[in-house]
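Engineer: Under our numbering, the first residue of the sequence shown is numbered 1, with each subsequent residue one higher. Every residue gets a Cβ at the ideal spot worked out from N, C-alpha and C, and that includes glycine. Remember, predicted model here, so these are calculated numbers, not experimental data. Quick one: structure below, then a few questions.
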Amino acid sequence: MGLNNIIERFQKWDNKKKIAAILLLVGAISTIVLLISWATTPPYSVLFSNLQQEDAGLIIQKLQEMKVPFKARPEGILVPADRVYELRLQLAGMGLPQGGGVGYEIFDRTGLSTTEFVQKVNYKRALQGELARTIRSLREVKDCRIHLSIPEKSIFTTEEERPKASVLLKLLPGRRLTQKQVEGIVHLVASSVNGLETGDVTVVDQSGNILTTKEDEIAMLSNSQIEYQRNLERDIERRVVGILEPVVGKEKVRAKASVTVDFTRKEETLEQYDPDGQVVRSQQNSLEQKITPTNSGVPGVKSNLPGKRASKKGSTGGIRKKTEVLNYEISKVVSHVVRPTGTLKRLTLAVIVDGNYHKDEKTGKSVFEPRSAEELKKYEEIVKKAVGFSAERGDAIQVLSLPFKQTSTPAEVEAAGGFDYERYIIPAIRYGTITLLALLAFLFFIRPLIKQLSVKPVPVRVTATGGQAPTPEIEGGKIQRAITQEEKKDEVIEWARQHPEQAALLIKQWVEEEES
Numbered sequence: 001m002g003l004n005n006i007i008e009r010f011q012k013w014d015n016k017k018k019i020a021a022i023l024l025l026v027g028a029i030s031t032i033v034l035l036i037s038w039a040t041t042p043p044y045s046v047l048f049s050n051l052q053q054e055d056a057g058l059i060i061q062k063l064q065e066m067k068v069p070f071k072a073r074p075e076g077i078l079v080p081a082d083r084v085y086e087l088r089l090q091l092a093g094m095g096l097p098q099g100g101g102v103g104y105e106i107f108d109r110t111g112l113s114t115t116e117f118v119q120k121v122n123y124k125r126a127l128q129g130e131l132a133r134t135i136r137s138l139r140e141v142k143d144c145r146i147h148l149s150i151p152e153k154s155i156f157t158t159e160e161e162r163p164k165a166s167v168l169l170k171l172l173p174g175r176r177l178t179q180k181q182v183e184g185i186v187h188l189v190a191s192s193v194n195g196l197e198t199g200d201v202t203v204v205d206q207s208g209n210i211l212t213t214k215e216d217e218i219a220m221l222s223n224s225q226i227e228y229q230r231n232l233e234r235d236i237e238r239r240v241v242g243i244l245e246p247v248v249g250k251e252k253v254r255a256k257a258s259v260t261v262d263f264t265r266k267e268e269t270l271e272q273y274d275p276d277g278q279v280v281r282s283q284q285n286s287l288e289q290k291i292t293p294t295n296s297g298v299p300g301v302k303s304n305l306p307g308k309r310a311s312k313k314g315s316t317g318g319i320r321k322k323t324e325v326l327n328y329e330i331s332k333v334v335s336h337v338v339r340p341t342g343t344l345k346r347l348t349l350a351v352i353v354d355g356n357y358h359k360d361e362k363t364g365k366s367v368f369e370p371r372s373a374e375e376l377k378k379y380e381e382i383v384k385k386a387v388g389f390s391a392e393r394g395d396a397i398q399v400l401s402l403p404f405k406q407t408s409t410p411a412e413v414e415a416a417g418g419f420d421y422e423r424y425i426i427p428a429i430r431y432g433t434i435t436l437l438a439l440l441a442f443l444f445f446i447r448p449l450i451k452q453l454s455v456k457p458v459p460v461r462v463t464a465t466g467g468q469a470p471t472p473e474i475e476g477g478k479i480q481r482a483i484t485q486e487e488k489k490d491e492v493i494e495w496a497r498q499h500p501e502q503a504a505l506l507i508k509q510w511v512e513e514e515e516s
């Protein structure tokens, strides 16, 4: 059937059918065009999210200058996925995003006529902006504002006022900061401002809740102790599972540890003396002696005769004085010992090992077979060596073999692997949807339209009464059967309903022809 024939058939339709056919054709073509456009449009990915209005405006302006297609959405600025990393590098080279607010780049626009007061104000604004940008880099923080109160120094005052800071945080929905993160923000701000103490920094969230409440030191210590104890237990459990899994198989061992930790802090100061280790510290000697002896006697013969001794008379004279002082230092050792906290006092450990499975030939079911006592004994010895078992502390370790609930067979576990969902599934869904919609459009829009245009109208001829009646082609006394016989039949019935008198004349003519 040629195009002219289709046009001829179309012209013979009434206005209602023509309008319906045109609408169907336009709808089918529009659907196909939209599907092709959707399929050929590159996917968009987030270029930047959680941007400040200033940064968003500058980035959009740069994208327009670069003639890059983009979409501004509440979740951020979207660009073609294949150009995300390229555009990020290009915008980073332009200093975007700046992080919102004003930073040290404010000094790039200062002039020669800028006064000292303006310089101080700009420095304060720049410091506030840079601190806010740094705090916004936290995952939980959506926006941040900082107010600094820095008093001016004066030589006429003896007591200077201390600087203070206030931090307002706008957190993402469903997010909250831990106490350590709040302390980190406080120390960050205090370390960035000269003379600012951590106690003069206040952190508030968008709901007005003060996040820098001074908790009791004992309560804070208790939280850290609990965290330390749990980390120690988890470390022991990981060591046990890590050493037994290569032996018994993956996902076939479970361990649970419970530890008792001594958090008592002890400080001792010891002084030890060694009496045998004497050392002379100081020595002082003083000796003074002045003696002038005088001899006296009777001179003459008597004193010179042998055997005779003259009597001695006179003074012995002189001064003799002796002083000696020795100071000894006794050896002394002074030691200050601080006993570490977090000492392990006792360890209890429970280990469950899955057994072996074999198939029962009669029932065909998997039957559990526990591990032997010798195997469990070996496993227990390995675990004791791995966790540093000490009988003196009263440690207790038990290893049991129990059946694990089978969620999947080993073959299924090995067969299960990583699958690149985005690479295969999403394109398959996209093009599968396009194919399905195109097929539906062809079946319900295009095909019925082609059938309507392809139906041959029943030939009519002028009867003796001047009316027109359809005259089917006769070949060998039989009505010629075409491929669209049902459509022709429906067309003839419809025509007979609309023209009953002409249909009656036609049937009468057929009867007369048969009789003759």
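1. I'd like the ranges of any alpha helix (DSSP H) spanning at least 4 consecutive residues and lying wholly in the region 320-399.
2. Return the chain-ordered ranges of every beta strand (DSSP E) run that is complete within the region 119-153 and spans a minimum of 3 residues.
3. So, Arg339 versus Arg393, is the Cβ gap smaller than 8 Å?
4. Checking 8 Å against the spacing of the C-beta atoms, do Ser37 and Leu131 come in under that value?
5. Could you name the residues of the same chain whose beta carbon sits closer than 7 Å to that of Pro410, not counting the 5 residues immediately before and after it, in chain order?
6. Only counting the same chain, and skipping five residues up and downstream in sequence, which positions put a Cβ closer than 7 Å to that of Ala464?
7. Measuring alpha carbon to alpha carbon, tell me which of Val261, Leu211, Leu138 and Glu251 ends up nearest Gln225.
8. Would you kindly work out how many angstroms separate the C-alpha atoms of Val248 and Thr363, rounded to a whole number?
9. Given a cut-off of 8 Å on the beta-carbon distance, is the pair Phe263 and Thr341 in contact?
10. Tell me whether Lys405 is buried or exposed, calling it buried when 16 or more other Cβ atoms sit within 10 Å of its Cβ.
11. Are the beta-carbon atoms of Leu344 and Val259 separated by less than 8 Å?
12. Ordered along the chain, which non-local residues of its own chain (more than five positions away) have a Cβ less than 8 Å from that of Ala386?
13. Kindly indicate the opening and closing residues of the alpha helix (DSSP H) around Val189.
14. Measuring alpha carbon to alpha carbon, tell me which residue in Val280, Val333 and Thr134 is nearest Val167.
15. Measuring only the C-alpha atoms, how far is Arg136 from Lys266?
16. My output table needs one value for Phe117: the three-state DSSP class, helix, strand or coil.
17. Just verifying my parser: in three-state terms, what is the DSSP assignment at Lys558?
18. Considering Asp82, what are the terminal residues of the alpha helix (DSSP H) in which it resides?
19. In the DSSP assignment, what residue or residues form a beta bridge with Gln283?
20. Looking only at its own chain, which residues have a Cβ that is under 7 Å from the Cβ of Leu89, when we skip the five neighbours before and after it?
21. Starting from Leu168 and walking both ways along the alpha helix (DSSP H), at which residues does that stretch end?
22. Locate the beta strand (DSSP E) running through Leu47, then write down its first and last residues.
23. Distance, Cα to Cα, Phe48 vs Arg234?
24. Per DSSP, what are the beta-bridge partners of Val259 in this structure?
25. For Thr114, which residues of its own chain have a beta-carbon under 7 Å away from its beta-carbon, when the five flanking residues on both sides are left out?
26. What residue range does the beta strand (DSSP E) around Lys71 cover?
Structural biologist: According to the structure data:
1. Look at the region 320-399 and you find these whole runs of alpha helix (DSSP H), each 4 residues long or longer: 373-387.
2. Runs of the beta strand (DSSP E) spanning 3 or more residues and lying entirely within the region 119-153 occur at 141-149, in chain order.
3. No. Outside cutoff.
4. Using a Cβ distance threshold of 8 Å, Ser37 and Leu131 do not count as a contacting pair.
5. Reliability fails at Pro410, whose pLDDT of 46 lies under 50, so the model's placement of it is uncertain and the value that follows must be treated cautiously. Contacts found: none.
6. Any answer about Ala464 is weak, because its pLDDT of 42 lies below 50 and its placement is not dependable; what the coordinates show is given next. For Ala464, same chain residues with a beta-carbon under 7 Å away, outside a window of 5 residues either side, do not exist.
7. Per the Cα distances, Val261.
8. Computed Cα separation, rounded: 26 Å.
9. One thing to note: Phe263 has its Cβ within 8 Å of the Cβ of Thr341.
10. Lys405 comes out exposed.
11. In this structure, Leu344 lies near Val259, with their beta-carbon atoms less than 8 Å apart.
12. Excluding sequence neighbours, Ala386 sits near Arg239, Val240 and Ile243.
13. Unbroken alpha helix (DSSP H) run through Val189: Gln179 to Ser192.
14. When each option's Cα is compared against that of Val167, the closest is Thr134.
15. Computed Cα separation, rounded: 42 Å.
16. Of the three classes helix, strand and coil, the one that applies to Phe117 here is helix, per DSSP.
17. In the structure as shown, the chain starts at 1 and stops at 516, and residue 558 therefore has no counterpart that could be examined.
18. Asp82 -> no alpha helix (DSSP H), and no H or E assigned at all.
19. Gln283 pairs with Leu326.
20. Same-chain partners within the cutoff: there are none.
21. Counting along the chain, Leu168 falls outside any alpha helix (DSSP H), though it belongs to the beta strand (DSSP E) covering Lys164 to Leu171.
22. Counting along the chain, the unbroken beta strand (DSSP E) around Leu47 starts and ends at Tyr44 to Phe48.
23. Between Phe48 and Arg234, the C-alpha separation is close to 38 Å.
24. Answer is Leu347.
25. Correct list: empty, nothing qualifies.
26. According to the DSSP assignment, Lys71 belongs to the beta strand (DSSP E) that extends over Lys71 to Arg73.
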